[in-house]
Each structure stands twice: as C-alpha cells, then as structure tokens.
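So that you can map any letter, position 37 of the sequence shown is 37 in this note's numbering, and since no number is skipped, the others follow by simple counting.
Glycine is no exception: its CB is placed at the ideal position from the N, C-alpha and C atoms.
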Amino acid sequence: MIVVRTVADLRAALRERRGGSIGLVPTMGALHEGHATLLRAARDTDETVVMTIFVNPAQFDEQSDLAAYPRTEDADLALAEAEGVDVVFAPETSEVYPDGFATTVSVGGAIAETLEGAERGRAHFDGVATVVTKLMLAALPDHAYFGAKDAQQVAVIRRFVADLGIPVTLVVCPTSRDADGLARSSRNTRLSPEERARALAIPHALQEVTDAAAAGIADTEALHARALATLEASGIRPEYVAFVDPLTFAPVSVVDGPVLVAIAARVGSTRLIDNTVLGGA
Ligand code: AMP
Numbered sequence: 001m002i003v004v005r006t007v008a009d010l011r012a013a014l015r016e017r018r019g020g021s022i023g024l025v026p027t028m029g030a031l032h033e034g035h036a037t038l039l040r041a042a043r044d045t046d047e048t049v050v051m052t053i054f055v056n057p058a059q060f061d062e063q064s065d066l067a068a069y070p071r072t073e074d075a076d077l078a079l080a081e082a083e084g085v086d087v088v089f090a091p092e093t094s095e096v097y098p099d100g101f102a103t104t105v106s107v108g109g110a111i112a113e114t115l116e117g118a119e120r121g122r123a124h125f126d127g128v129a130t131v132v133t134k135l136m137l138a139a140l141p142d143h144a145y146f147g148a149k150d151a152q153q154v155a156v157i158r159r160f161v162a163d164l165g166i167p168v169t170l171v172v173c174p175t176s177r178d179a180d181g182l183a184r185s186s187r188n189t190r191l192s193p194e195e196r197a198r199a200l201a202i203p204h205a206l207q208e209v210t211d212a213a214a215a216g217i218a219d220t221e222a223l224h225a226r227a228l229a230t231l232e233a234s235g236i237r238p239e240y241v242a243f244v245d246p247l248t249f250a251p252v253s254v255v256d257g258p259v260l261v262a263i264a265a266r267v268g269s270t271r272l273i274d275n276t277v278l279g280g281a
C-alpha cells in the first residue's frame with residue numbers, strides 16, 4: 001500500500017494501473033467497520049482500490065464539529081492496509097483548496113436544499129459535491145463507493161455525476177450497524193455510555209416505522225407520529241423525521257412505492273443521522 005499526499009503523486013501511482021478497473025472510496029478518516037464494508041466491496045470488484053482520507057472543511061457548518069472531528073491517521077492506514085487498499089490519498093487542505101480556489105459544484109432543488117441541506121445550510125452539500133468532484137477528477141475511477149447511511153449525500157452525488165457526465169459508476173453499500181442496531185459512525189465515539197444507550201431509539205424508531213408499514217399503515221403522518229413517540233420516550237427531540245422519495249427527496253404522504261425514512265437528531269451534543277427505505281428498493 002502506498003500513501004500519497006498530492007494529486008500529481010496519485011496520478012503517477014495510478015498511471016500504470018489503468019489497465020485494470022479502479023475503485024475509489026472517499027472517507028474523512030476515523031475509519032470503522034462501516035468504512036471497511038465499502039473497502040471490501042471495492043476490493044471484491046476492482047483491481048486497484050484507492051481510499052481517500054480528507055476532513056473537508058468546506059462541508060462542516062460548525063467550526064466546533066470540524067475541530068472535534070476525530071483524526072486517527074495511523075489507525076486508518078493500518079485498517080486500510082488490512083483491507084487490501086492499494087493507494088491512500090491523504091492530502092493537506094492546501095492541496096485540495098490552493099490559494100485562489102474559487103469554484104463550487106452546487107446541486108439545486110430539493111435534493112440538496114431540504115433535510116440535511118436545510119439543517120446544515122447550503123454550504124454543506126456544496127462542500128460535499130465540490131470535494132467529491134475533485135476526488136473523482138484526481139483518481140478517474142471506474143467505480144466510486146458510498147454508504148447508504150448518508151442517503152441524501154448519495155442522491156446529491158448521483159445528481160451531479162449524471163449532470164456533469166462524470167464517467168463513473170456509483171456503488172451504494174448498505175448501512176453497517178453495531179450488533180444492537182446503531183448505525184456505525186465516526187461520531188459515535190463522542191457519545192457517553194448513557195447517550196449511546198439513548199441513541200438506540202433512532203434505529204428503534206426506524207424499525208417501528210418499518211413494522212407498521214409492513215402491517216399496512218401507509219399514511220406517513222401516522223408513521224411519523226409513531227417514530228416521534230419512540231424517539232421522545234428516550235428524550236430525543238429529532239431535527240427531522242422525514243418521509244421522502246429516495247431519488248428526488250420530494251415529500252411523500254402515502255407509502256405506495258419506495259420511501260426513504262430519514263432521521264436526524266442530537267443526542268447530547270452529538271448529531272446523528274440514520275435512515276431506512278420502506279416499500280421495497
Ligand atoms: P465519512 O468518513 O463519514 O465521510 O464516510 C465515508 C463513506 O463511508 C461515506 O460514503 C459514508 O456514507 C460511508 N459510511 C459511513 N458510515 C457508514 C456505515 N455505518 N455504513 C455504511 N457506510 C458508511
């Protein structure tokens with residue numbers, strides 16, 4: 001495994017590997033088993049696996065969140081090596097955003113403006129779209145791997161990849177969960193034991209909604225009320241519990257096809273998101 005810090009070195013490392021397919025796994029580091037599932041999917045498919053580690057300042061809406069974001073490069077490199085990654089691209093901020101940087105990739109409409117876009121501000125998905133575009137242009141991968149846990153991020157990336165005609169196939173991997181159901185996240189390390197226990201109300205609320213929908217309740221207002229009750233029983237007041245079309249993020253009032261149920265909530269000072277899809281897909 002080699003570690004490179006510049007786009008020039010990344011391109012040089014990939015030059016002689018272009019005969020086979022290249023898989024790109026973008027991350028912000030602080031790797032856990034969820035990231036490992038993406039690396040394994042890439043390892044299973046692609047001849048060369050490129051993982052990036054970059055804590056992208058442009059997508060953080062809170063300076064305190066950026067400052068507190070865990071940085072564990074040594075452990076990340078060890079995990080990457082164990083998962084068979086070929087090339088790690090871990091640039092400095094100045095390599096990604098050199099002096100004079102003035103371009104933003106910005107997806108319009110509900111996909112980027114609702115839910116996470118509304119809570120975290122327009123700049124969040126602009127930051128994601130801009131950095132992922134840059135990483136794709138730097139690595140020119142055949143496949144790029146993303147987690148379903150960040151469903152809106154996937155929808156945003158799908159949109160700009162299609163709109164800009166970037167020749168990459170997106171692969172979306174299922175949300176990886178701890179044994180008790182909590183979605184794995186780099187931010188989970190910030191939860192106290194008491195907060196971690198309360199955070200379980202989030203996957204429980206998703207399960208409750210899934211069971212109710214399977215039992216024939218199709219009215220999303222009724223499903224919303226059930227999710228809210230489960231969250232509030234654990235003292236969690238969510239930022240949103242949303243029922244939307246998984247591709248457009250338009251709100252859905254009746255479950256009669258695939259519906260994304262997305263939850264965002266603070267547990268203590270840690271902001272968590274999770275989701276599931278109802279009605280197939
Ligand atoms: P991050 O380092 O949080 O930016 O995540 C990097 C990639 O890993 C993104 O595509 C995430 O959606 C994905 N990811 C993070 N957590 C999980 C998880 N629990 N299950 C599946 N994918 C995940």
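Within 7 Å of the C-beta of methionine 28 there is at least one heavy atom belonging to the ligand AMP.
In the DSSP assignment, methionine 51 forms a beta bridge with Val25 and Val88. Relative to the ligand AMP, the beta carbon of leucine 38 is positioned inside 7 Å of a heavy atom. Distance from the C-beta of histidine 35 to the nearest heavy atom of the ligand AMP is below 7 Å. The criterion of a C-beta distance shorter than 8 Å is satisfied by alanine 201 and leucine 231. Annotated three-state conformation of glycine 34 is helix, per DSSP.
In its chain, beyond the 5 residues on either side, Gln59, Asp61, Glu116 and Gly117 have a beta carbon closer than 7 Å to the beta carbon of histidine 124. Between leucine 39 and methionine 51, the beta carbon gap of about 6 Å places them in contact (Cβ cut-off 8 Å). It is roughly 16 Å from the alpha-carbon of alanine 250 to the alpha-carbon of glycine 279. Spanning the alpha carbons of alanine 112 and threonine 130 requires a straight line of approximately 13 Å. The C-alpha of glutamate 92 lies about 38 Å from the C-alpha of phenylalanine 243.
Checking the 7 Å criterion, the Cβ of aspartate 61 is out of range of every heavy atom belonging to the ligand AMP.
Counting only residues of its own chain and dropping the five nearest sequence neighbours on each side, isoleucine 217 has a CB closer than 7 Å to the CB of Leu223. Residue side-chain check: arginine 43 keeps its Cβ at 7 Å or more from all non-hydrogen atoms of the ligand AMP. Residue nearest to glycine 20 within the set Glu47, Ala12, Gly268 and Ala36 is Glu47 (criterion: CA-CA distance).
Inter-segment contact for the stretch 166 to 173 and the stretch 131 to 146 is present: three or more beta-carbon pairs are separated by less than 8 Å. Counting along the chain, aspartate 274 sits inside the beta strand (DSSP E) bounded by residues 270 to 278. One alpha carbon belongs to isoleucine 2, the other to alanine 227, and they sit about 46 Å apart.
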